[in-house]
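Engineer:
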Ligand SMILES: [Zn+2]
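Chains as they are written, first to last, in my numbering: chain A, 37 to 181; chain B, 14 to 400.
#1: Got a sec: is the Cβ-Cβ distance from residue 144 of chain A to anything in chain B below 8 Å?
#2: How would you label residue 116 of chain B, buried or exposed, when you count the other beta carbons within 10 angstroms and need 16 or more for buried?
#3: So if I measure from each beta-carbon to every heavy atom of ligand 1 and keep distances below 5 Å, which residues remain?
#4: Looking at residue 166 of chain B: is its Cβ nearer than 8 Å to the Cβ of residue 115 of chain A?
#5: For my contact list, residue 15 of chain B and residue 62 of chain B are in at a C-beta cut-off of 8 Å; report their separation, rounded to the angstrom.
#6: Starting from residue 176 of chain A, trace the beta strand (DSSP E) in both directions and tell me its first and last residue.
#7: Between the beta-carbon of residue 222 of chain B and the beta-carbon of residue 143 of chain B, is there less than 8 Å?
#8: Residue range of the beta strand (DSSP E) that residue 95 of chain A falls in?
#9: Taking 8 Å as the threshold (beta carbon to beta carbon), is residue 134 of chain A in contact with chain B?
#10: Shorter than 8 Å from the beta carbon of residue 39 of chain A to some beta carbon of chain B?
#11: Is the Cβ-Cβ distance between residue 242 of chain B and residue 182 of chain B less than 8 Å?
#12: Name the chain A residues whose beta carbon is nearer than 8 Å to that of residue 149 of chain B?
#13: Name the DSSP bridge partner or partners of residue 236 of chain B?
#14: DSSP three-state call for residue 334 of chain B: helix, strand or coil?
#15: Answer yes or no: does any C-beta atom of chain B fall closer than 8 Å to that of residue 176 of chain A?
#16: Per DSSP, what kind of secondary structure is residue 40 of chain A in: helix, strand or coil?
#17: Please report whether the beta-carbon of residue 165 of chain A lies at a distance below 8 Å from any beta-carbon of chain B.
#18: How would you write the range of the beta strand (DSSP E) that residue 394 of chain B sits in, first residue to last?
#19: Can you name, in chain order, every residue of its own chain whose Cβ lies under 7 Å from the Cβ of residue 311 of chain B, other than the five neighbours on each side?
#20: Under the three-state reduction of DSSP, which class applies to residue 302 of chain B: helix, strand or coil?
#21: Does any CB atom of chain B fall closer than 8 Å to the CB of residue 64 of chain A?
#22: Taking CB distances under 8 Å as the criterion, tell me whether residue 141 of chain A reaches chain B.
#23: Alpha carbons only, please: which of A/83, A/103 and A/131 is nearest the one belonging to residue 153 of chain A?
#24: Can you find a CB in chain B that lies within less than 8 Å of the CB of residue 121 of chain A?
#25: Taking the C-alpha atoms as reference points, what is the distance between residue 25 of chain B and residue 400 of chain B?
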């Protein structure tokens, strides 16, 4: 069985009945913005919290008055790991490094770290970049700021 | 709500078991558990099975009815429970709740996984599906990777190091030497752990639990019925479950699991007990750092003390807090859906004095902690030797 992301990395090309659409498609919005080279989060209009990545319900106040907005792609490296045994979709990339970054707004986001391992350290300033070879959320790369 | 007892346990050998289905494995574990309790298949009112992924590993969904099918039990309600690596613990918990609620009087709670049919890369991919597919897995995050990032955060905050993590692996391998059903009967050294191949830096091969086939089963009845059955009953003092975000990055603390804290506190409160009352523990050591973090999060050690405790031998079978005397996931093996059930089986056997060569003397109260995903599900049980 080929598990190389066969079912999931597909995009819906049909017609959505927006008038009767009660779904806040935060992931689709995130994916569209990341195609434009932008990181996004959801801004809660009830309490002003911004959450990255975006979610349909505010984690602070529970409001669904949520708008997906662009956020700054700068932050610092909280933790990281270099992966030597990867899944089939990353088999040709090993070893590769992934890390969790705390953005300037305090939110956190996971991405591939495109920085030599010898230069990695806690709190290293990083900035978001995007891999044209991949689609959707998988595009995120962290580079040295 | 009725009090609940575990009156029978069973477990297959864990390991790479060749051409066999998880249904056959559960059948074997269940027959052992039924013999242990002195019951017949026809006595069973309902079946629960913890299983992560019969679909990916065996091309078989709808695992639950396969159990009564093979046990010759027509028409018994059968339910599969899936909560990643906590599927087994949750299978037990649902059986306990169903009996506690008075819906059934004799329930078979099992768990099984047949993982070795697939190559390692595909198993890695299947397991990683328990993390956030969009915001973690699509970026190449694996489970060893997620726990490696937590290990690095723990190292920074508390000075935990590779040697401390290795001490957990060495201890659990040593414990498994006394468990004939464990996957590994092989003594290892701290140097061996430190020098084995890197999986996800800083975690090496020997920091990680293996890929395993196996099944475990337990028989659950109302406490008031315990004397109808053979052997020493074990009382379920409490059970608790908690959930957290799918993605690690959505949590404020990367050095432990809020879910473990919450589930353990709930379990202690329900049983009216404290950490000092627990004589023996089975902890979800999918990675060495996971055992260290769990012991801290459950309140057995202060944050940052878990690694030192392992290094100092405090959590060995002969230490003051025996942890993973079965060998743990690390050395006994980790057939995903079976793991949480096998933890309860080990604690029950220890409390009933049926743990063979690895029996710990004078244990009356034991606890389990079963983890799913990167801690997105935690299930805890506290068990006590009954009379
Ligand atoms: Zn809000």
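C-beta atoms are modelled at their ideal positions from N, C-alpha and C, and glycine is treated no differently.
Structural biologist: Quick answer:
#1: Residue 144 of chain A sits at position 108 when you count from the first residue of the first chain. Interface residue, yes.
#2: Working through the second chain from its first residue, we reach residue 116 of chain B at position 103. By the neighbour-count rule (16 or more Cβ atoms within 10 Å), residue 116 of chain B is not buried but exposed.
#3: A/80, A/82, A/83, A/85, A/94, A/96, A/97 and A/99
#4: As a position in the second chain, residue 166 of chain B is number 153, starting the count at 1. As a position in the first chain, residue 115 of chain A is number 79, starting the count at 1. Yes, Cβ-Cβ distance for residue 166 of chain B and residue 115 of chain A is below 8 Å.
#5: Here residue 15 of chain B corresponds to residue number 2 of the second chain, with the count starting at 1. Here residue 62 of chain B corresponds to residue number 49 of the second chain, with the count starting at 1. Not really, about 23 Å apart at Cβ, beyond 8 Å.
#6: Here residue 176 of chain A corresponds to residue number 140 of the first chain, with the count starting at 1. Residues 176 to 180.
#7: The residue you call residue 222 of chain B lines up with position 209 of the second chain. The residue you call residue 143 of chain B lines up with position 130 of the second chain. Not in contact: residue 222 of chain B and residue 143 of chain B (Cβ atoms no closer than 8 Å).
#8: Here the question's residue 95 of chain A lines up with position 59 in the first chain. Element bounds for residue 95 of chain A: n/a, residue is neither H nor E.
#9: If you number the first chain from 1, residue 134 of chain A lands on position 98. At least one chain B Cβ lies under 8 Å of residue 134 of chain A.
#10: Residue 39 of chain A sits at position 3 when you count from the first residue of the first chain. Confidence in residue 39 of chain A is poor, its pLDDT being 44 and thus under 50, which makes the residue's placement too unreliable to answer from.
#11: Position 229 of the second chain, counted from the first residue, corresponds to residue 242 of chain B. Position 169 of the second chain, counted from the first residue, corresponds to residue 182 of chain B. No, the Cβ-Cβ distance between residue 242 of chain B and residue 182 of chain B is not below 8 Å.
#12: On the second chain, position 136 is the one that residue 149 of chain B refers to. Going along chain A in sequence order, the residues near residue 149 of chain B (Cβ under 8 Å) are 146.
#13: Walking along the second chain from the start, residue 236 of chain B turns up at place 223. Answer by DSSP bridge pairing: none, since residue 236 of chain B is not bridged.
#14: As a working mapping, residue 334 of chain B is identified with position 321 in the second chain. It is coil, neither helix nor strand.
#15: The residue you call residue 176 of chain A lines up with position 140 of the first chain. It does; some Cβ of chain B falls within 8 Å.
#16: To locate residue 40 of chain A, count along the first chain from 1; it is residue 4. Unreliable positioning characterises residue 40 of chain A in this predicted model, as indicated by a pLDDT of 47, which lies under 50. The coordinate reading is nonetheless provided below. Residue 40 of chain A falls in the coil class under three-state DSSP.
#17: Here residue 165 of chain A corresponds to residue number 129 of the first chain, with the count starting at 1. No - not a single Cβ of chain B is within 8 Å of the one on residue 165 of chain A.
#18: Locating residue 394 of chain B in the second chain gives position 381, where the first residue counts as 1. First-last of the beta strand (DSSP E) with residue 394 of chain B: 390 to 398.
#19: Taking the first residue of the second chain as 1, we reach residue 311 of chain B at position 298. Only 273, 277, 288 and 382 meet the Cβ criterion.
#20: In the second chain, residue 302 of chain B corresponds to position 289, counting from 1. Three-state result, residue 302 of chain B: helix.
#21: In the first chain, residue 64 of chain A corresponds to position 28, counting from 1. It does not: the Cβ of residue 64 of chain A has no partner Cβ on chain B nearer than 8 Å.
#22: On the first chain, position 105 is the one that residue 141 of chain A refers to. No, because no Cβ of chain B sits closer than 8 Å to the Cβ of residue 141 of chain A.
#23: On the first chain, residue 153 of chain A is found 117 positions in, with the first residue counted as 1. Ranking the options by Cα distance to residue 153 of chain A, first place goes to A/131.
#24: Against the first chain, residue 121 of chain A aligns to sequence position 85. Yes, residue 121 of chain A counts as interfacial toward chain B.
#25: Here the question's residue 25 of chain B lines up with position 12 in the second chain. Here the question's residue 400 of chain B lines up with position 387 in the second chain. Using only the alpha carbons, I get a separation of about 27 Å.
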